[in-house]
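Visitor: Here's a structure for you.
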């Protein structure tokens, strides 16, 4: 237990340290002296063979619905640029892009995607402007690769090249730290839980929480386009973003099935069906997407609609049932409410940004990672409360079993436990032996020295049996002065004679510590002696041999 605590503490300190280091690193990137240059105004836009002059990007909306293959051309005079190097940061959604400085191509992203059917994804383009532009004229050609890819130009920001990435990072620093923390913490939690599963299956929910944290963190990082810092292509980052988004419901459903194991059969079956629907949807869509048959964004609405239908099942609690829920179940329900609220808000904001405001969804930059962090924290707390309750119940169960199956005086197993093991022995395939033992002279000691000394006789002999036969299946007191031992396995039975000799030697040694002789008669019966081994018959055989030994010895012992 101490080792586990140390490992968990070390992991916690490691993750906190990583978060602090990341925060300090991002803070160092700040450069408050250099500001972005506003280039929202003064654009000439050509779309559907119509030209709109001197318009503002933030105010312009294409009057007709953009379809796959439609092109929008944006042109602007850049005479305000000095001799320093400048870069433009621009966002595109499901589109190809070509940028010209004067008449030369300075940037190109998947210009043939419409013809090849390839997936372009959505993300930011960082375009370095040449310092030797003579006409200072910029042309941007954006081509839609999916229907309704855009209805207006997205944000463009101009700044000195040496700070454009810094500014991008600072805008997302909080969300980035939280998302990286979720990925690292989820990965560590999953590894620890998987390793612990070999010992106890109670760690299974922890694996699901870890998987959820990893997927949520990666999805948030992809939504913020952080992977572009590491030269990950926009399309690949979008692939990962959609796949992790489609994966998120799976661990949540598995957690619901685990947490509410006593839920009505109909609801449980519905959750299981839902799990396989999501899994099948992910598998089929992944094949279609990478085969360029149907891309992920086309079916995002179907995924969102299915999630909305799933919400009643995830939040299902019968009327009046809340008061009957355990602390862990209540905490889990709170976690589900947080999950649902974050999910619904993200879905609504996604469609508002796309079809109403036509802007970049910035909800994922900070609010979404914070929501995920709250969700994971509550789910972890729910798991810990449930684990505590299970351990408490297990401890109480063990205590009750101990009271039910332990002899109060000697600490050995009692008659009830002995009879239970004899019943289990019916199914044993390997050889086993029964040793019946009976103390000699217990009545005499009770009469001569009193019952207190008789109890000492019983406990001392029980200590001898417990010491000598500690590795055997069972050592029990059947009542009064009767004891018995069950030995299983031919290799252990082969050592039985030596164990009995050692027992007799310990009896003599311990007799020197009391006022009487510790002495027992015994009988041994092996299952191999019977054609059809029967535990009760074997027990009687050992008992008869013990009685014979008691009668043949003057002391009641050979």
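Residue numbers (the numbering used here): 579 to 1136.
We put the beta carbon where it would ideally sit given N, CA and C, even for glycine.
Keep in mind the model is a prediction, meaning the values are calculated, not measured.
So residue 1096 and residue 1010 are in contact, right, with Cβ under 8 Å, and what is the actual spacing, rounded?
Guide: About 27 Å; that fails the 8 Å criterion.
Visitor: Hey, residue 844 and residue 786 are a contact pair by Cβ (cut 8 Å); roughly how many whole angstroms apart?
Guide: That belief does not hold up - the Cβ atoms of residue 844 and residue 786 are roughly 23 Å apart, past 8 Å.
Visitor: Taking only three categories from DSSP, how would you classify residue 1116?
Guide: Residue 1116: helix per DSSP, three-state reduction.
Visitor: Which residue from 692, 627, 653 puts its Cα closest to that of residue 871?
Guide: It is 692 whose Cα lies nearest to the Cα of residue 871.
Visitor: Tell me which residue opens and which closes the alpha helix (DSSP H) that residue 868 is part of.
Guide: Element bounds for residue 868: 843–868.
Visitor: According to DSSP, is residue 751 part of a helix, a strand, or is it coil?
Guide: Of the three classes helix, strand and coil, the one that applies to residue 751 here is helix, per DSSP.
Visitor: Does the Cβ-Cβ distance between residue 1124 and residue 1014 come in under 7 Å?
Guide: Yes; because the gap between Cβ atoms is below 7 Å, this pair is in contact.
Visitor: Quick check on the burial criterion: 16 or more other C-beta atoms within 10 angstroms. Buried or exposed for residue 621?
Guide: With 16 or more Cβ atoms within 10 Å of its Cβ, residue 621 is classed as buried.
Visitor: Examine the Cβ distances between the segment 743–758 and the segment 681–701 and report whether three or more of them are shorter than 8 Å.
Guide: No: fewer than three Cβ pairs fall under 8 Å.
Visitor: Taking contact to mean at least 3 C-beta pairs separated by less than 8 Å, is the segment 704–720 in contact with the segment 645–665?
Guide: Touching, per the Cβ criterion.
Visitor: Output the distance between the C-alpha atoms of residue 1085 and residue 1111, rounded to the nearest integer angstrom.
Guide: Looking at the two C-alpha atoms, the distance is approximately 32 Å.
Visitor: Using 8 Å as the threshold, is the segment 1032–1040 in touch with the segment 981–1000, meaning 3 or more CB pairs across them?
Guide: Counting Cβ pairs under 8 Å, three or more are found: they touch.
Visitor: With H, G and I counted as helix, E and B as strand and the rest as coil, what does DSSP make of residue 632?
Guide: Of the three classes helix, strand and coil, the one that applies to residue 632 here is strand, per DSSP.
Visitor: In its own chain, which residues sit with a C-beta less than 6 Å from the C-beta of residue 677, not counting the 5 before and 5 after it?
Guide: Around residue 677: 684, 685, 705, 718.
Visitor: For residue 872, does the three-state DSSP call read helix, strand or coil?
Guide: If DSSP states are grouped into helix, strand and coil, residue 872 belongs with coil.
Visitor: Let me know if residue 586 comes out buried or exposed under the rule of 16 or more other beta-carbons within 10 Å of its beta-carbon.
Guide: Annotation note: pLDDT 48 at residue 586 (below 50); position unreliable, coordinate value reported separately. Exposed, by the Cβ-count rule.
Visitor: Taking three-plus beta-carbon pairs below 8 Å as touching, is the segment 953–960 in contact with the segment 923–932?
Guide: Flag = no, the segment 953–960 and the segment 923–932 do not touch.
Visitor: Quick check on residue 726: does DSSP put it in helix, strand or coil?
Guide: Residue 726: coil per DSSP, three-state reduction.
Visitor: Could you name the residues of the same chain whose beta carbon sits closer than 7 Å to that of residue 1122, not counting the 5 residues immediately before and after it, in chain order?
Guide: Answer for residue 1122: 1101, listed in chain order.
Visitor: Would you mind working out which of 817, 934, 917, 679 sits nearest residue 639, comparing C-alpha positions?
Guide: The shortest C-alpha separation from residue 639 is found at 934.
Visitor: State yes or no: is the C-beta of residue 888 within less than 7 Å of the C-beta of residue 863?
Guide: Not a contact, by the Cβ cut-off of 7 Å.
Visitor: If I measure Cβ to Cβ from residue 959 and keep anything under 7 Å in the same chain, skipping five residues before and after, which residues do I get?
Guide: Closer than 7 Å at Cβ, skipping near neighbours: 909.
Visitor: Would you mind reading off the limits of the alpha helix (DSSP H) that contains residue 881?
Guide: That run of the alpha helix (DSSP H) goes 878–892.
Visitor: If we call anything under 7 Å between Cβ atoms a contact, is residue 648 one with residue 722?
Guide: Yes.
Visitor: Could you give the first and the last residue of the continuous beta strand (DSSP E) run that contains residue 1006?
Guide: Neither: residue 1006 is in no beta strand (DSSP E) and is coded neither H nor E.
Visitor: Count the other CB atoms within 10 Å of the CB of residue 803; is the residue buried (16 or more) or exposed (fewer)?
Guide: Burial call: buried.
Visitor: Taking DSSP as the reference, what is the three-state secondary structure of residue 1084?
Guide: In this structure, residue 1084 counts as helix in the three-state DSSP scheme.
Visitor: Decide if residue 1061 is buried, meaning its Cβ has at least 16 other Cβ atoms within 10 Å, or exposed.
Guide: Residue 1061 is buried by the Cβ-count criterion.
Visitor: Quick check: the Cα distance between residue 764 and residue 883, rounded to an integer number of angstroms?
Guide: If you take the alpha carbons of residue 764 and residue 883, they lie about 28 Å apart.
Visitor: Would you grab the beta carbon distance between residue 614 and residue 666 for me? Rounded to a whole angstrom, and I think it's under 8 Å.
Guide: Their Cβ separation, rounded to whole angstroms, is 10 Å, which puts residue 614 and residue 666 out of contact at 8 Å.
Visitor: Is residue 609 helix, strand or coil by DSSP?
Guide: For residue 609, the predicted model reports a pLDDT of 45, less than 50, meaning its position is unreliable; a value from the coordinates is still stated below. Of the three classes helix, strand and coil, the one that applies to residue 609 here is coil, per DSSP.
Visitor: Return the chain-ordered list of same chain residues with a C-beta closer than 7 Å to the C-beta of residue 1053, the five sequence neighbours on each side being excluded.
Guide: Same-chain partners within the cutoff: 990, 991, 1043, 1044, 1047, 1063.
Visitor: If contacts are defined as beta-carbon pairs under 8 Å, then residue 798 and residue 753 qualify, I think. What distance do you get, rounded to the angstrom?
Guide: Right, the Cβ-Cβ distance comes to about 6 Å (below 8 Å), so this counts as a contact.
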